[in-house]
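> Residue numbers (the working numbering), protein chains in the order written: chain L, 46 to 531; chain Y, 8 to 138; chain X, -3 to 99.
Below is the structure:
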C-alpha cells in the first residue's frame, strides 16, 4: 500500500473526524476537572465541536479527493452524508439539554460519546476501504451501545443497551467475515480495487464472492434495521433515552446506508444481478413487516421504530434500482427522513416527562390545545412520514419509486405504494389524538417548551418543509454526487 | 525429503501418540499397581498437612473486573507498537508524530480514568466513581 | 516450507469456528456465553485474515487482525460493563429473563 505519509491535504480531508475526536477527548478530560455541574457548558461545547466539524467537512469537500493512499475518499457523496450525520448530531443535542436535566443525568460523557459516534460515522461515509469501513462502523456502534444504556439505573435502558450490543456485535462479526472473504478472493480491500478484480478477467468464483457479499449484506442489514434483521430495533428504540433513539434512527442509520450504497454500487457493481433479488426481497419484507407491526403498537417509540424499519425498506427499494438515480433518491430520502424522524422523537422526548413515563399514543391526546406549536410541528413530521406533498417525505418517496420504475421494478413499486397507504393510518391516528381529543394526564402535565427544544422542533420542521418545497437544490447535489461515486 | 504434508507432519503424529501412550500407560499402571487408601485425610487437597480454609470458588469484588478491563484495554493498545517499531527507521519523523498522537490519546484516557477514581483501590471513595 | 498444511484447512477451521460462534450465539442462554460466542466469531475471522495474508504473500492481513483485536477489546470492555449493569438491575444473566420491553 503506497502513500503512507500523511500530507497536508490528507489532514485537511480528515478534518471533521479530527475535530470531533479531539473535542470528544477534551470533553472527557474536562469532566473530572470541572467540579461544578455545568451541563449546559458541555452541551454548548459539543454543539461548537459539531459546528466546527461541519465547517471542516465543507472545507474538506472544497479540497476533496482521496486521502491516506486511497483509504478515504472525500467526494460529494461523503460530504453529503458527513453533513447529514453532523446535523443529526446537533439536532440530537438540542433536545438533550432538557432531557438530561429532567433525568438528573448531565455528564460530559454523554456528549463525548455522541461526538465519538458522529466521528465514526464521518469515517464510515468517507471510507473507501473495507477495513476503514469496519473501524468507522465500530467507533460509531460502540459509542451508541453505551449511549443506548446511558441511564444506568433504568431497567429498560439496560435491556435496550444489552440487546443493541449483542446483536450489533453479532452483525459486525458477519460483516467482518465478509471483508475477510473479499480480501482472500480479490487480494484487495479497496472498493475500487475490488470492482476492478471482479469485473476483470480471471475474476474469482462467484460462489465465494457471493457468500462474502451475502455476509456483508447481513451485517449491514442489521445496522440499517432491514428485515429480516430488524428484531432489535423496536426494543432498542423503546428502551434507549428518547434523544438517543432519535439519533440512532438518523445518524448511524444514514451512515450505514451510505456504506451500503458505496460498497454495493461500487465494489459489488459487477455482481449486481446476483445481489439484486436479495435486496429486493429484503426491501419488500422491511416495508411490510414495519408497517403492519406499527399498526398494532400503542407505545409511540415502538411505533416509530417499526416505522423506521418500513422507511429502511423504502431506501432499499432505491438500492434495488441499481442506478445513479436510485442512489440520489436514497440520499435525498435519508436526508428528509433524518429531519422528520429526529423532529418526531424530539416531540416524544418533550412529552415523556420524568423517568419517561408517558410514551403511549393516548398520552398525546389534546396536545394541540395545550401546546399548539409542538402539536403543529409534530403534525408536519407525521405528514412528512406519510409522504404528503409539500413535505420532504413526499419527494423522497416520489424519487425512490420513480427510480424503481426506471429500473423496471414495477411490482416492488406497486407493493411499496400500497405499503405507504397502510402507513398513513397509524400516523394519522396520532394526529387525531392530538387535535380531536381532550387533554389527558400527560398533556396536562407537559412543561413549557425550553429554548433548546423549540429549536429542536423548528429546525427539522424547516428542513422538512424546505426539502418538500425546494427539493431540487438537494437533489441536484445528490445527483451529482451519485455520479462521482463510481 | 518429505514430499507431502502427511509425511511432513508424521513425526508430530508419532510424538502425539507417544505422549498419549505414556500418559495413559502411567495412569493405568498406577491404577493397577498402586495401593488404594480412601479416608478423609487422603482426600484433602493438601495431604501433607495444610488444613484447607474454605472453598476455592470465591466471589470476587466487582472492583477486580474494572482493573481487569482496564488492563486489557491498555494491554491491547500496545500491539500497535510492534508494527510501528518495524517501520520506524523508514518513516522517521512521520512515525514519531503518529505515535505521539496515539500516546497522547491513550494518556488522556488514562488521565480520565485516574480522575474518575477507577484506580482507587481503597474502596472508601466509591462515590467518586459514580456520576 | 512448500508442503505445509494446505491453506484451505485453515479456512475450514476458521469457518467451523465461526459457525460454532453463530451456534453459540443462537442457542446459549447465558449472556456471558453469548458474548464469548461473538468473540469466537471475531477470532475466527482473524484466522481467515492471517491465512489469506499468508497465501497472498501480503502483510496487510496481519495488520487487519491488529485492528480487529483492538476493536474486540474495546467491545469486550463496553460489553462487560453493559452486562454488569444488567446484572445489577435484574440479578440474572439468563437472556430469556431480560424481556421487559414489549408493546
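Even for Gly, the Cβ is constructed at its ideal location relative to N, Cα and C.
1. Quick one: what does DSSP say residue 82 of chain Y is sitting in, helix, strand or coil?
2. In angstroms, rounded to a whole number, what distance separates the CA positions of residue 78 of chain X and residue 92 of chain Y?
3. Pull up the distance between the alpha-carbon of residue 102 of chain L and that of residue 133 of chain L, whole angstroms please.
4. How many whole angstroms separate the CB atoms of residue 12 of chain Y and residue 2 of chain X, which I take to be in contact at a CB cut-off of 8 Å?
5. Please identify the residue among L/368, L/469 and L/499 whose C-alpha is closest to the C-alpha of residue 524 of chain L.
6. I want to verify the contact list: residues of chain X whose CB lies under 7 Å from the CB of residue 83 of chain Y, in sequence order.
7. Do residue 262 of chain L and residue 325 of chain L come within 8 Å of each other at the CB atom, strictly closer than that value?
8. Between the beta-carbon of residue 244 of chain L and the beta-carbon of residue 354 of chain L, is there less than 8 Å?
9. Can you tell me whether DSSP reads residue 2 of chain X as helix, strand or coil?
10. Which residue or residues does DSSP assign as beta-bridge partners of residue 117 of chain L?
11. Can you list the residues of chain X that residue 197 of chain L reaches, using a CB-CB cut of under 7 Å?
12. Let me check one thing: in DSSP terms, what residues is residue 235 of chain L bridge-paired to?
13. Run down chain Y in chain order and give the residues with a C-beta less than 8 Å from the C-beta of residue 19 of chain X.
14. Can you tell me whether DSSP reads residue 328 of chain L as helix, strand or coil?
15. Do residue 197 of chain L and residue 81 of chain X have their beta-carbon atoms positioned less than 8 Å apart in this structure?
16. Checking contacts by CB at 8 Å: is residue 62 of chain X closer than that to chain Y?
17. Based on the DSSP output, what are the partners of residue 344 of chain L in its beta bridges?
18. Cβ of residue 183 of chain L less than 8 Å from any chain X Cβ?
19. Which runs of the alpha helix (DSSP H), 4 residues or longer, sit entirely within the region 75 to 100 of chain L?
20. Is the Cβ-Cβ distance between residue 533 of chain L and residue 387 of chain L less than 8 Å?
21. For residue 48 of chain X, report the span of its alpha helix (DSSP H) as first-last.
22. Does residue 356 of chain L pass the burial test, meaning 16 or more other C-beta atoms within 10 Å, or should it be called exposed?
23. Report yes or no: is there a C-beta of chain Y within less than 8 Å of the C-beta of residue 12 of chain X?
24. Specify the secondary structure class of residue 90 of chain X as computed by DSSP and reduced to three states.
25. Given that residue 112 of chain Y touches chain L, what residues does it touch there, using C-beta distances under 7 Å?
26. Helix, strand or coil, according to DSSP, for residue 356 of chain L in the structure here?
27. In angstroms with no decimal places, state the Cα-to-Cα distance between residue 294 of chain L and residue 383 of chain L.
28. Per DSSP, what kind of secondary structure is residue 297 of chain L in: helix, strand or coil?
29. Quick check: the Cα distance between residue 520 of chain L and residue 375 of chain L, rounded to an integer number of angstroms?
30. Which bits of chain Y does residue 100 of chain X rub up against, with CB to CB less than 9 Å?
31. Closer than 7 Å by C-beta to residue 84 of chain Y: which residues in its own chain qualify, once you throw out the five before and the five after it? Chain order, please.
32. What did DSSP end up calling residue 47 of chain L once you bin it into helix, strand or coil?
33. Compile a chain-ordered list of the residues in the region 25 to 38 of chain X whose CB is closer than 8 Å to at least one CB of chain L.
34. Let me know the secondary structure DSSP gives residue 58 of chain L once reduced to three states.
35. What number of angstroms, rounded off, separates the C-alpha of residue 134 of chain Y from the C-alpha of residue 156 of chain L?
Judging by the given coordinates:
1. helix
2. 35 Å
3. 14 Å
4. 7 Å
5. L/368
6. 65, 66 and 69
7. no
8. no
9. coil
10. L/112 and L/172
11. 81
12. L/174
13. Near residue 19 of chain X there are no residues of chain Y at all, since even the closest Cβ is about 26 Å away, more than 8 Å.
14. helix
15. yes
16. yes
17. L/405
18. yes
19. none
20. Residue 533 of chain L lies beyond the stretch modelled for chain L, which goes from 46 to 531, so this question has no answer here.
21. 27 to 52
22. buried
23. no
24. strand
25. 70
26. helix
27. 7 Å
28. helix
29. 10 Å
30. Residue 100 of chain X cannot be examined here, being either before or after the span of chain X that is shown, -3 to 99.
31. 113
32. With a pLDDT of only 42 at residue 47 of chain L, under 50, the local geometry of the prediction cannot be trusted, and the value read off the model is given with reservation. Looking at residue 47 of chain L - three-state DSSP - the assignment turns out to be coil, as it is neither helix nor strand.
33. 27, 30, 31, 34, 37 and 38
34. helix
35. Low local confidence applies: a pLDDT of 46 at residue 134 of chain Y is under 50, so the model's placement there is unreliable, with the coordinate-based value given in what follows. Cα-Cα distance, rounded: 22 Å.
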